[in-house]
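First the structure, in the form of structure tokens, and then the observations on it.
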Amino acid sequence: MDNLTDIYNFLDLSDSVNVVNRLATSGQPTIKQFPKIKAAGYQVVINLAPSDSSNAVSAERSILENLGLTYIHIPVSWEQPTVQDFNLFVQALQKYQKQAVYVHCAANKRVSAFIYLYCRIYEKKNTAAALADLKKIWTPNPIWQKFIDLVESV
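Shown next, in the form of structure tokens:
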């Protein structure tokens with residue numbers, strides 16, 4: 059598992075998020091890092107980065123499926139995240155809750171915001187506890203703070 063710490067902005071959330079058997083997040087893994095995700099026991103990979111992200115791996119789906127992993131791609135616009143994007147993410151997390159899930163985007167910023175929202179809304183965590191993991195990665199910019207506020211108010 060320690061090899062995963064080399065992945066950009068890697069964060070193991072297995073002890074702080076209850077929805078899944080195991081959960082980790084990160085920025086975009088490289089082609090060489092995908093087998094390490096499999097070797098660490100993850101069964102599902104959810105990618106929130108658009109295919110045209112600067113560090114995207116064009117063959118990610120085929121690489122991961124060839125490794126025997128389930129791959130879900132929910133491309134979330136950096137400039138315009140939507141409630142629908144978040145709802146698709148929630149559905150994916152809940153569908154695979156009995157498996158080890160690895161979620162990434164380009165830099166782990168989209169993911170950390172979505173995990174924060176999931177913890178607040180579905181796990182009923184208090185703001186301070188939910189913010190702790192988000193702040194390990196970043197402080198949301200105005201676009202993302204507005205999105206977080208919108209989803210929390212629904």
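Count along the sequence shown from 1, then add 58; that gives the number in my numbering. Virtual Cβ for every residue (Gly too), placed ideally from N, Cα, C.
| query | Would you say the region 145 to 161 touches the region 100 to 118, given that touching needs at least three Cβ pairs under 8 Å? | reply | yes
| task | Name the two residues that bound the continuous beta strand (DSSP E) containing L81. | result | 80 to 84
| Which residue comes first and which comes last in the alpha helix (DSSP H) that contains I132? | I132 -> no alpha helix (DSSP H), and no H or E assigned at all.
| Cβ distance (whole Å) where W196 is taken to contact S170 below 8 Å | 7 Å
| message | I want to see whether chain C comes within less than 8 Å of Q157, judged by CB atoms only; does it? | response | Protein chain content of the structure displayed is limited to a single chain, and chain C is not contained in it.
| task | Over the uninterrupted alpha helix (DSSP H) stretch that includes I173, give me the two end residues. | result | 167 to 179
| field | For E137, the three-state DSSP class (helix, strand or coil) | value | coil
| field | Reduced DSSP secondary structure (H/G/I, E/B, other) of L122 | value | helix
| task | Identify whether L62 lies in helix, strand or coil by the three-state DSSP scheme. | result | helix
| Taking C-beta to C-beta, are H131 and N113 nearer than 8 Å? | no
| Local Cβ density within 10 Å of I201, reported as buried at 16 or more and exposed below that | exposed
| task | Using beta-carbon positions only, say whether P133 and S109 come within less than 8 Å of one another. | result | yes
| One or two residues paired with V159 in a DSSP bridge | L81, V102
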